[in-house]
Amino acid sequence: MKENHLERLMRRFPAISDLRERAGRRIPHVAWEYLESGCGDETAVARNLEKMSAVTLVPRFLKGELVPDVSTSLFGQTYQAPFGVAPMGLTGLIWPRSELILARTVAKYSIPYCLSTVATQTPETVGPLVGDMGWFQLYPPRDPKTRDDLLKRAWDSGFKTMVVTADVPVGSRRERSTRAGFGRPERFTLRNVYEAMKHPTWTINTLRIGFPKLRTLEKYTNSTSTATVIKYVSRSLGGTLSWDYLKEVREAWEGPLVLKGIVHPEDAELAVQTGVDGIYVSNHGARQLNAVPAAIESLPEIVRRVKGRAGIIFDSGVRSGLDVVRAIALGADIVLLGRAFLYGVAALGDHGGDHVVEILLADMKNVMVQLGCASLQELRELARG
Ligand code: FNR
């Protein structure tokens with residue numbers, strides 16, 4: 159039988175780490191450093207990965223033939239797999255039009271996609287592509303009028319789950335990105351010319367569609383200049399979130415509301431009391447605070463506190479289907495991945511999102527059979543022992 163395209167990809171790139179390796183070669187240095195970076199010496203990035211891989215699961219055998227069912231539902235919506243795409247900003251710098259590539263992937267596989275406030279495509283463009291799979295991430299604007307307008311735009315574009323990011327009280331110091339020149343005005347330097355020539359596919363695509371911009375926010379700055387919009391982001395978004403502010407968002411938003419970046423059980427409790435529907439356990443992929451615990455370490459206690467009263471979403475340090483299984487077994491309802499999806503798109507362009515999903519599905523299903531679990535519920539029971 160002839161091998162199809164996805165089977166060929168699976169043979170060449172059977173793991174996310176293969177895509178990461180290829181992505182690193184295909185995109186300019188500054189884009190790579192922006193994608194990878196954490197803070198300081200990045201021990202928290204390493205900790206996310208180490209503590210994830212330290213989670214062990216004890217298999218049970220003699221279950222006969224198992225056909226794992228990985229479908230799930232959250233907030234009344236069914237998903238064909240319990241994982242999806244985490245919100246990421248300036249995504250078009252990593253790969254031109256990556257939001258559109260990922261939007262098509264999530265619609266094809268019926269998995270969630272969270273569009274960032276600072277993505278390089280607008281909710282109006284992405285909403286129709288993702289259908290019922292769309293979540294929107296809000297960096298809370300200081301100006302309530304801007305906030306309400308963003309909420310309305312997201313809702314009208316079809317995004318029914320709102321994710322408010324809590325863990326950026328201020329922009330973080332990502333020294334590695336800074337060193338690479340991230341945030342400096344685009345300049346015509348020898349280094350930039352060298353980088354452009356070294357990564358011709360990225361460069362040709364970028365030249366074809368133009369340098370990435372934070373399009374969703376252009377409306378509020380009356381400017382299409384990236385530098386102006388980035389200044390607006392640091393001045394006007396964030397640094398403002400409080401329990402009262404969250405209550406206002408709760409009152410303004412009809413659909414499910416999720417609070418992202420929670421690592422303290424008491425914050426999870428207060429969020430539930432404020433009326434959120436979902437707690438999103440995450441340390442922002444260790445991009446904010448280098449002293450933060452690994453997100454997977456924070457998960458069990460938060461699950462213990464709020465499970466049954468709120469949905470549990472998890473991210474940070476997920477790099478395989480096995481990692482998705484680990485987080486589900488520890489109580490997550492949905493697991494999102496940030497860097498992994500962009501490794502895929504940067505490595506394989508239009509096929510990248512699909513291929514990441516194929517890797518995760520194949521890995522998850524295999525692991526579930528190894529463990530003797532036919533459903534996500536059985537995974538949770540297995541971990542409880
Ligand atoms: C992010 N993250 C993020 N989070 C958020 O709430 N809004 C945003 O705009 C962004 N932007 C962003 C850009 C890039 C390039 C990355 C890698 C991450 C954090 C993201 O949603 C998620 O929490 C982490 O990526 C999860 O960690 P892993 O999967 O990358 O290890």
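Residue numbers are given in the working numbering: position 51 of the sequence shown equals residue 209, and the series is strictly consecutive.
Note that beta-carbon positions come from the ideal geometry of N, C-alpha and C, so glycine has one too.
Euclidean distance between Cα positions of residue i and residue j
| i | j | result |
| --- | --- | --- |
| L488 | L457 | 7 angstroms |
| G496 | K303 | 30 angstroms |
| V321 | R462 | 22 angstroms |
| A277 | G222 | 46 angstroms |
| I420 | N448 | 15 angstroms |
| K418 | G396 | 13 angstroms |
| S440 | T379 | 30 angstroms |
| G316 | K371 | 22 angstroms |
| R311 | P281 | 7 angstroms |
| G436 | R305 | 20 angstroms |
| I259 | D402 | 37 angstroms |
| S175 | V476 | 11 angstroms |
| G443 | P327 | 16 angstroms |
| G413 | L248 | 26 angstroms |
| E165 | T347 | 42 angstroms |
| L494 | F472 | 6 angstroms |
| S231 | T319 | 13 angstroms |
| E409 | W313 | 14 angstroms |
| E376 | V434 | 29 angstroms |
| Q279 | T374 | 7 angstroms |
| K405 | A212 | 37 angstroms |
| P358 | T201 | 33 angstroms |
| L540 | L215 | 8 angstroms |
| V264 | P270 | 6 angstroms |
| T364 | C531 | 45 angstroms |
| Y237 | P298 | 27 angstroms |
Presumed contact (8 angstroms Cβ cut-off) between residue i and residue j, rounded CB distance
| i | j | result |
| --- | --- | --- |
| L500 | S256 | 7 angstroms |
| I486 | L537 | 5 angstroms |
| S474 | N206 | 5 angstroms |
| A429 | R184 | That pair is no contact at about 39 angstroms. |
| R251 | A324 | Checking the sequence, you will find Leu at residue 251 rather than Arg. The pair is not a contact, with the Cβ atoms about 25 angstroms apart (cut-off 8 angstroms). |
| V464 | A490 | Not really, about 12 angstroms apart at Cβ, beyond 8 angstroms. |
| R445 | S274 | Their Cβ separation, rounded to whole angstroms, is 13 angstroms, which puts R445 and S274 out of contact at 8 angstroms. |
Bridge-paired residues (DSSP) for residue i
| i | result |
| --- | --- |
| T230 | Y237 |
| A547 | Past the edges of the chain, shown from 159 to 543, lies residue 547, and the structure says nothing about it. |
| I174 | Answer is none; I174 lacks a bridge partner. |
| L293 | The sequence as given places Trp at residue 293; Leu does not occur at that position. Note: W293 sits in a beta bridge opposite C272 and T319. |
| P299 | L395 |
| G436 | V416 and G469 |
| I492 | I471 |
| V243 | Y271 and L495 |
Cβ-based burial, residue i [other Cβ within 10 Å; buried from 16]
| i | result |
| --- | --- |
| I362 | exposed |
| I367 | exposed |
| Q535 | exposed |
| H422 | exposed |
| G285 | buried |
| M522 | buried |
| Q431 | exposed |
| G234 | exposed |
| F219 | exposed |
| G289 | exposed |
| R484 | buried |
| A385 | exposed |
Short CB-CB distance (under 8 angstroms) between residue i and chain D
| i | result |
| --- | --- |
| G507 | The structure shown contains no chain D; it holds only a single protein chain. |
Any non-hydrogen atom of the ligand HEM closer than 7 angstroms to residue i Cβ
| i | result |
| --- | --- |
| G247 | This structure lacks the ligand HEM; its bound ligands are the ligand FNR. |
Could you check whether the region 526-534 touches the region 508-516, counting it as contact only if at least three pairs of C-beta atoms, one from each stretch, sit closer than 8 angstroms? In short, these stretches do not touch, since the Cβ pair count stays below three.
Using a Cβ distance threshold of 8 angstroms, determine whether the region 236-250 contacts the region 164-174, with at least three qualifying pairs required. Counting Cβ pairs under 8 angstroms, fewer than three are found: no touch.
Quick one: any contact between the region 208-223 and the region 294-310, if contact means 3 or more CB pairs under 8 angstroms? In the pairwise beta carbon analysis, the region 208-223 is classified as not touching the region 294-310: fewer than three pairs are separated by under 8 angstroms.
When you compare the region 185-202 with the region 320-338, are there three or more beta-carbon pairs, one atom per stretch, that lie closer than 8 angstroms? Per the Cβ contact rule, the region 185-202 is in contact with the region 320-338 (3 or more Cβ pairs under 8 angstroms).
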